[in-house]
Amino acid sequence: MSCNSSVIRLCASSVGQAPQAPVHLMPCEIEHNGPAQVNQYFTATTKDQKQDKSVSFRGRGLKGQKISCPQGYTGLVLKEINKPGSDQEDRTVKVSSVFDKMTYWNLETPPNSDDTIVMAMDWPDLAEAIHAPVED
Amino acid sequence: FTAVLLAVRFYALCRLVSEIPEVCKTEDCCLGIDEAGRGPVLGPMVYGICFCPLSKKEELKDMKVADSKTLTEAERENLFEKLVEAKSYVGWALQILSPNTISTCMLRRTKYNLNALSHDTAIDLVQYALDSGVQLKEIYVDTVGPADKYEVKLSQRFPGIQVTVRPKADSLFPVVSAASICAKVARDRVVKGWNFAEDLGEVDTDYGSGYPNDPKTKAWLLKYLDPVFGYPQFVRFSWSTAQTLMDSKAVNVHWDDDEEDGEKAAQRQNNKSMLSYFSVSSGGNNQNATHQAHRFFTERRLKSLNTL
Amino acid sequence: MATKKKRTSNVDNDSWVVIAPDSAIDTHKHDGDPVFVRLRNPSTDEPKADAASLYMLGCGDVMLYEVKAFEDDFHSWFVGQAVQRDGRLIFVTPLDPLFLILPYLIKSGKEGKFQRVDQVVKDEEFPACSRLLSCARTLASLHHIAEEKEAGSQMYHRYSQEKTMNWLKKKVERMVIALKKRNISVGEGVKSSTYVRVKSETENQEEDFLRYSHGLISEYISEDLSKALLTLLGLPELTSPKETEPPSKKRKLSDKPVEAGEDYTKFNSADFARKPPKKMTAAQKSLAKVDKTGMKPMSSFFSPKVKAEKK
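Chains as they are written, first to last, in the numbering used here: chain A, 1 to 136; chain B, 1 to 308; chain C, 1 to 311.
#1: Which partner residues of N106 of chain A appear in the DSSP bridge assignment?
#2: Let's test the definition: count the other Cβ atoms within 10 Å of the Cβ of L54 of chain B and tell me whether it reaches 16, buried, or not, exposed.
#3: Whole angstroms are fine: how far does the CA of E125 of chain C sit from the CA of L216 of chain C?
#4: Whole angstroms are fine: how far does the CA of N204 of chain C sit from the CA of S300 of chain C?
#5: If you draw a straight line from the alpha carbon of V23 of chain B to that of K137 of chain B, how long is it in whole angstroms?
#6: I need the straight-line Cα distance from Q162 of chain B to G201 of chain B, nearest angstrom please.
#7: For the alpha helix (DSSP H) that G72 of chain A lies in, which residues bound it at each end?
#8: Within 7 Å (strictly less), CB to CB, does Y41 of chain A reach chain C?
#9: Under 7 Å between the Cβ atoms of P21 of chain C and G72 of chain A?
#10: Got a sec: is the Cβ-Cβ distance from W123 of chain A to anything in chain C below 7 Å?
#11: Between the region 154-179 of chain C and chain A, which residues of the former have CB atoms less than 7 Å from a CB of the latter, in chain order?
#12: Which of the three DSSP states, helix, strand or coil, is assigned to T116 of chain A?
#13: Identify the contact partners of F36 of chain C in chain B, using a Cβ-Cβ distance below 7 Å as the criterion.
#14: For K5 of chain C, which residues in chain B fall below 8 Å Cβ to Cβ?
#15: Along the alpha helix (DSSP H) that carries C182 of chain B, what are the first and last residues, could you check?
#16: If we count Cβ pairs, one from each stretch, closer than 8 Å, do we get three or more for the region 60-70 of chain B versus the region 195-215 of chain B?
#17: Does the beta-carbon distance from Y65 of chain C to V37 of chain C come in below 7 Å?
#18: Mapping the DSSP letters down to three states, classify Q148 of chain A as helix, strand or coil.
#19: Tell me the DSSP secondary structure of L216 of chain C in three-state form.
#20: Given that a residue counts as buried once 16 or more other Cβ atoms are within 10 Å of its Cβ, and exposed if not, what is Q156 of chain B?
#21: Tell me whether the beta-carbon of A186 of chain B lies closer than 7 Å to the beta-carbon of L83 of chain B.
#22: In chain B, which residues lie with their C-beta within 7 Å of the C-beta of G17 of chain C?
#23: Beta strand (DSSP E) containing H157 of chain C: first to last residue?
#24: Given this structure, state the Cα-to-Cα distance separating K149 of chain B from L221 of chain B, to the nearest angstrom.
#25: Nearest chain B C-beta to A20 of chain C closer than 7 Å, yes or no?
#26: Using three-state DSSP, classify S54 of chain A as helix, strand or coil.
#27: Could you give the residue range of the alpha helix (DSSP H) that holds A228 of chain C?
#28: In this structure, what does DSSP give as the bridge partners for G48 of chain B?
#29: What does the alpha-carbon distance come out to for the pair D125 of chain A and N166 of chain C?
#30: Quick check: does the Cβ of E66 of chain C come within less than 6 Å of any heavy atom belonging to the ligand COA?
#31: Starting from the C-beta of V118 of chain A, find all residues in its chain whose C-beta is less than 7 Å away, skip the five residues before and the five after it, and write them out in chain order.
#32: Where do the N-terminal and C-terminal ends of the beta strand (DSSP E) with V18 of chain C fall, by residue?
#33: Nearest to T121 of chain B by CA position, among B:A250, B:S103, B:V46, is which residue?
#34: Going by CA-CA distance only, name the one from A:A18, A:G34, A:M26, A:D52 that's closest to L107 of chain A.
#35: Our contact map puts S23 of chain C next to E29 of chain A with C-beta atoms below 8 Å; I'd like the distance itself, whole angstroms only.
#36: Where does Y89 of chain B fall in DSSP's three states?
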């Protein structure tokens with residue numbers, strides 16, 4: 001059970017240097033980790049109509065909207081540095097970028113309050129309610 | 001006209017129209033429908049209607065309008081100018097279906113195929129002419145699909161108008177030839193002047209005819225393939241040529257309606273789907289076997305982690 | 001587009017999109033970096049290999065956080081000018097350390113002695129658990145779940161079921177208020193707008209809220225405690241003699257409607273719990289039929305018996 005003894009350190013000082021990055025939650029799995037010309041292909045072709053956004057990706061129509069991080073919360077993109085060779089060693093992640101808003105996209109369906117990601121944003125607030133100290 | 005055409009690429013659906021000749025509102029008219037750019041993997045598809053009084057059929061014939069495919073580009077431009085000059089009795093309207101519209105329609109969850117899209121566009125244009133006061137009595141349509149069904153569909157949609165749907169109508173009826181010239185000229189100009197919405201800098205415009213078997217088109221498709229995004233919106237993603245190239249040279253992308261993929265994924269990740277409610281003991285997910293999360297979490301697709 | 005491409009596994013994932021409290025990443029405090037640790041998940045009763053969940057300790061172990069992931073199939077991220085294939089959104093949220101301490105105290109409480117907590121909160125399998133004692137709230141709030149005794153300068157603790165149940169009950173009651181305030185849909189199974197309710201709104205709602213809150217708190221306690229808490233709240237267990245019935249953790253999804261007054265504290269009366277269910281009118285019965293076909297809550301798949309009982 002030695003793997004339970006290893007920890008993942010979050011290098012908090014990296015937050016200061018981390019740039020703001022636009023983040024998009026896409027309604028498809030893209031088998032790729034790495035660079036992409038998001039600004040050139042995606043952002044440049046996105047159409048804004050009030051809150052609602054539309055764009056296409058790989059020929060499919062997407063509809064999206066921007067949502068904010070819950071109050072008191074920050075969006076972080078963590079990146080592992082110096083990945084260790086074994087699962088018994090401690091790992092380190094740093095903050096590579098930060099965000100306070102994200103855009104999520106549905107395949108063809110206009111964004112609405114039943115979207116799972118919108119509902120998931122209830123969680124931090126409710127977690128606070130579950131876990132706040134009980135008064136005597 | 002060119003200035004108007006340059007503006008169209010920004011709209012998914014764009015209509016360009018001539019003025020309605022006064023005589024068309026008072027005399028019985030015929031109307032031809034044709035399309036341009038159905039086959040190419042690049043650029044828009046253009047639907048055109050052209051109409052004139054039945055009494056002017058001969059004059060249209062004398063213009064020597066012919067099937068646009070038998071004409072050179074210069075001849076088409078020339079004939080188009082003549083049609084524009086004949087504005088006292090010839091009217092036209094064009095509907096431009098952007099390649100992005102074609103892609104997103106054809107790849108929709110509930111498929112919307114090109115024939116349906118074509119028919120709907122033709123119907124819209126005829127309706128436009130009627131709404132504009134054109135006294136339509138005869139409609140002539142060129143078709144690639146089964147003519148009979150299409151003819152019935154149009155006849156039912158426009159009762160009282162004699163509808164003739166015919167393969168090669170563009171070489172049989174001058175008013176269809178005229179429509180085909182308008183459509184083809186528009187398509188050529190839009191393709192030539194295509195302004196990429198993507199931020200790609202200078203783009204090589206030597207795309208050839210746009211037909212998949214044109215070596216220039218092929219070379220262009222290879223050159224402008226992006227591993228993540230595939231192609232600019234100028235390309236019709238729904239064409240097998242584009243699909244095949246992306247399958248072999250771009251990264252794989254999976255959607256929830258990729259049928260085979262989706263089913264397998266649902267089985268494998270049964271804790272994420274409705275299936276989880278029924279098959280708690282199946283599957284290799286330990287957490288799932290011992291503990292069914294509260295529906296607050298399952299409804300929100302939230303689950304505990306045991307590692308990053 | 002029905003493609004037939006096989007999905008490969010995402011083996012080389014090295015980045016994550018996270019939402020975390022500002023306090024967890026406050027760089028002005030130099031109490032050491034936050035760390036993700038694996039600890040025993042208190043909802044797992046037995047020592048099992050899969051009892052581990054990921055948590056985070058922040059501000060020099062003073063704060064404890066839970067780590068959950070939003071994970072819906074077929075998602076990826078664009079982050080700046082890059083693709084991150086892993087489409088999960090990881091939530092880091094505060095966690096009451098008492099929940100994680102509780103299993104250790106209960107275990108040692110079986111010996112009936114007062115003990116030092118640092119002797120109790122020890123786990124070979126999860127060495128990081130001793131760090132829970134550094135959490136600001138831990139020592140200050142142990143009295144909610146244990147009796148305390150001071151000898152010399154040393155504090156000794158012994159698990160108290162009574163105190164614990166009281167503490168949990170307060171949590172549940174507070175949850176009811178929180179859920180109402182946030183308009184969380186607690187109706188049976190599916191959104192209430194998609195089916196016709198059989199019983200009056202207020203009758204059902206109070207119990208719905210109570211059961212829902214109990215269910216949420218039960219995510220952090222053992223099954224035994226969860227059952228005991230249900231009894232304390234006066235909520236009848238949804239029993240069935242059939243083996244086909246799922247265990248209680250699952251059964252709580254079905255939320256059999258019982259007669260309930262607006263004031264749920266009445267449930268504490270044993271008589272009340274035994275009172276037979278109200279007779280249904282013919283109209284209600286026909287509504288109940290519509291109910292079953294019109295909605296598709298999980299409950300209908302799990303507890304057909306419960307439905308039958310109502311008649």
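Where is the CB? At the ideal position from N, CA and C, for every residue including glycine.
In brief:
#1: A:K63
#2: Exposed.
#3: Looking at the backbone, the Cα of L216 of chain C and that of E125 of chain C are separated by about 27 Å.
#4: For S300 of chain C, the pLDDT reaches just 32, beneath the cut-off of 50, and the residue's location in the model is therefore unreliable, leaving the point undetermined.
#5: Distance between the alpha carbons of V23 of chain B and K137 of chain B: 14 Å.
#6: Distance between the alpha carbons of Q162 of chain B and G201 of chain B: 50 Å.
#7: From DSSP, G72 of chain A is part of no alpha helix (DSSP H); its letter is neither H nor E.
#8: no
#9: yes
#10: Yes, W123 of chain A counts as interfacial toward chain C.
#11: W167, K170, K171, R174, M175, A178
#12: Here T116 of chain A carries a helix assignment [DSSP, helix/strand/coil].
#13: Within 7 Å Cβ-Cβ: L308.
#14: D247, N252, H254, D258, D261
#15: 174-192
#16: no
#17: no
#18: This structure cannot speak to residue 148 of chain A, because chain A is shown only from 1 to 136.
#19: helix
#20: exposed
#21: No, Cβ-Cβ distance for A186 of chain B and L83 of chain B is not below 7 Å.
#22: The amino acid at residue 17 of chain C is misidentified as Gly; the sequence shows Val. Near V17 of chain C there are no residues of chain B at all, since even the closest Cβ is about 12 Å away, more than 7 Å.
#23: 154-159
#24: 36 Å
#25: no
#26: strand
#27: A228 of chain C -> alpha helix (DSSP H) spans 223-232.
#28: Its beta-bridge partners are B:D34, B:L94.
#29: The straight-line gap from Cα to Cα measures roughly 24 Å.
#30: No copy of the ligand COA appears in this structure; indeed no ligand is present at all.
#31: I67
#32: 15-21
#33: That would be B:V46, whose Cα lies nearest to the Cα of T121 of chain B.
#34: A:M26
#35: Actually they do not touch by this definition, with Cβ atoms about 33 Å apart.
#36: coil
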